[in-house]
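First to last, the protein sequences are chains A and B. Residue 1 is where the first sequence starts when you use our numbering, and the numbers rise one by one after that. Residue 1001 is where the second sequence starts when you use our numbering, and the numbers rise one by one after that. Glycine included, each C-beta is placed from N, C-alpha and C at the ideal position. These notes are about the structure you will find just below.
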Amino acid sequence: MGPSLQSLEDQYMLLTQQLSMLLAACPTQVERDQVMTQYVTARRNYWSSIQKVFHDDDPQVVSLVQELRTEQQKIADCINHLDNIARIIDIITQAVNVGTTLAAKFA
Amino acid sequence: MQRHRRLMAIALFVAVLVFPVSCKTSDDARALAGQMTATASSLSDYYATLAQLADNHAKLERLQQATLGVPFDPQDVAQLQDVQADLQKRSDMAHALADLAAAFSGLSGSSAPANVSASAANLGASLSAIPQLPGSSYAPTALQGAGKIITQLIQERDERKMAKAIDPTMAAVSEMFSQEKPVYDSIDRTYIGLAQSIALDLVNRNQVDPNSLMAPALKPFDLSSRVPTEQLSPGVADYAREQIKNRTAAEIAAHSQASDSLDAALKDVSKNTHALATEGHMAEPIFPITLSKVESWIRLVM
Chain A
1 MGPSLQSLED QYMLLTQQLS MLLAACPTQV ERDQVMTQYV TARRNYWSSI
51 QKVFHDDDPQ VVSLVQELRT EQQKIADCIN HLDNIARIID IITQAVNVGT
101 TLAAKFA
Chain B
1001 MQRHRRLMAI ALFVAVLVFP VSCKTSDDAR ALAGQMTATA SSLSDYYATL
1051 AQLADNHAKL ERLQQATLGV PFDPQDVAQL QDVQADLQKR SDMAHALADL
1101 AAAFSGLSGS SAPANVSASA ANLGASLSAI PQLPGSSYAP TALQGAGKII
1151 TQLIQERDER KMAKAIDPTM AAVSEMFSQE KPVYDSIDRT YIGLAQSIAL
1201 DLVNRNQVDP NSLMAPALKP FDLSSRVPTE QLSPGVADYA REQIKNRTAA
1251 EIAAHSQASD SLDAALKDVS KNTHALATEG HMAEPIFPIT LSKVESWIRL
1301 VM
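Written as structure tokens, this is what we have:
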């Protein structure tokens, strides 16, 4: 339960802390909507995981947790380059997709 | 006559031998019941507060929708209501356990309270309302009948058998708390994390009245600051951000201490219940449990 839930919490909280800044950096409503969609998905993945229990001993879950951590780092790194919002949205989408796969692994 | 005297002497000897053991058991049972009542009451308050945080989290998400336009659909409301309901079920279970433990302390009295049966039945019903976690060893369904057994033992005034009956329940409650503790800690962190994020955003938008920050200087003179019409000065805005971040850290630390102390208390009560059930008495005296860390956290968030 530990690392898996922690990874989804970290993703939800990282996006929560950066949300206002990310939205401000979006030049159009289309991009704003894309950021919102990924944020809401990360939030739902987190709350879904609260209801269930991870199989931390599942090798696939361990691998997904590692992958999610790498993606989290990518988001944290690119937050300082808000001039390329399209690339940031791609990275966030990729990370949230890994989170969705991880949340689906809950028993 | 001599035979009668000898029988009296034997009876007296047996009574002297048995009496301290019985008294010891009753003292231990009463001390354990006190410990169990305090811990279960505190546990019930803790879960109820955590359930309230889930509700508060929903309000924060609604506020986030109002301030930033983040979607907040019926699906999101239902998700948080489910979490809140699960936490409330745990609070109800702990409340029923506290009621039963209070009845447990009345065991050595002249009559068991009339609500003992109801308390035991409530505990059984509350336990059955909590779904079993996949992969965990505790089984609430197996505990549903515990209430009925405990009621019978209270009527029979058999402390040791009663401790035996409640032993698996106590162990299961303690195990459940330990297993789910990372989830409780996480719920608290995300609640205060979201609140912090919205609060910082409101400071940046000049939507925060810094009156409380000025209070230490103005209160001695019965004065209050006026609502600013212009942008907060950078110094005051920084002070507000600093307070938001400091209180976030303080709240997370307070919750962590509360959940740690409850975890330790539950393990202690479970260990003592098991000792009373198996040994019939305690090897070491039982001291009252103080759960001030739980109370402090509840005061902080409520």
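| Item | Value |
| --- | --- |
| Which of helix, strand or coil DSSP assigns to B/P1074 | helix |
| Cβ shell of A/D57 (< 7 angstroms), same chain only, five flanking positions each side left out | Legend: pLDDT at A/D57 = 49, less than 50; position of this residue unreliable, value from coordinates given subsequently. Cβ within range, chain order: n/a, list empty. |
| B/L1291 in three-state terms, based on DSSP | coil |
| CB of B/M1093 within 8 angstroms of CB of B/L1053, strictly | no |
| Beta-carbon gap between A/Y39 and A/L68 smaller than 8 angstroms | no |
| Three CB pairs or more closer than 8 angstroms across the stretch 1041-1057 of chain B and the stretch 6-13 of chain A | no |
| B/L1133 versus B/S1091 - alpha carbon distance | Note that B/L1133 has pLDDT 38, beneath the 50 cutoff, so the model's placement of it is unreliable and no number is given. |
| Neighbour flag for A/I88 against chain B, beta carbons, 8 angstroms | no |
| Per-residue burial, B/V1077 [other beta carbons within 10 Å of its own, 16 or more giving buried] | exposed |
| Whole-angstrom C-beta distance between B/L1300 and B/A1265, which should lie under 8 angstroms | Rounded, the Cβ-Cβ distance is 19 angstroms, inconsistent with contact. |
| For A/G99, the three-state DSSP class (helix, strand or coil) | helix |
| Collapsed DSSP secondary structure at A/K105 in the structure displayed | coil |
| Closer than 8 angstroms to chain A by CB, B/T1248 | no |
| Contact set between A/L19 and chain B, taken where Cβ atoms lie within less than 9 angstroms | Q1064, L1068, V1070, S1197, D1201 |
| CB contact check: B/D1260 to chain A, cutoff 8 angstroms | no |
| Close beta carbons around B/S1110, own chain, < 7 angstroms, minus the five adjacent residues each side | Per-residue confidence for B/S1110 stands at a pLDDT of 42, beneath the threshold of 50, marking its modelled position as unreliable; the derived number appears in the next sentence. Nothing listed; no residue qualifies. |
| Local Cβ density within 10 Å of A/S63, reported as buried at 16 or more and exposed below that | exposed |
| Range covered by the alpha helix (DSSP H) that runs through B/R1205 | No alpha helix (DSSP H) holds B/R1205; DSSP gives it neither H nor E. |
| Secondary structure of B/Q1231, DSSP reduced to three states | coil |
| Cβ contact (3+ pairs, closer than 8 angstroms) linking the stretch 1060-1072 of chain B and the stretch 12-31 of chain A | yes |
| A/A86, buried or exposed, once every other Cβ within 10 Å from all chains shown has been counted against 16 | exposed |
| Run of the alpha helix (DSSP H) containing A/N45, from where it starts to where it stops | 29-50 |
| Residue-chain proximity (A/R44, chain B), Cβ-Cβ < 8 angstroms | yes |
| Reduced DSSP secondary structure (H/G/I, E/B, other) of B/E1251 | helix |
| Pair within 8 angstroms by beta-carbon distance, B/D1037 and B/A1098 | The sequence given here has Thr at residue 1037 of chain B, not Asp. The answer is yes: Cβ separation under 8 angstroms. |
| Interface residues of chain A facing B/R1189 [CB-CB closer than 8 angstroms] | E9, M13 |
| Beta carbon proximity, A/Q72 to chain B, threshold 8 angstroms | no |
| A/Q34: contacting residues in chain B (beta-carbon distance under 9 angstroms) | Within chain B, no residue comes near A/Q34; the closest Cβ sits about 12 angstroms away, beyond 9 angstroms. |
| Nearest-angstrom Cα separation, counted from B/L1213 out to A/I79 | 32 angstroms |
| Contact check, B/S1197 vs B/N1211, beta carbons under 8 angstroms | no |
| Environment of B/F1177 [buried if 16+ CB atoms lie within 10 Å] | buried |
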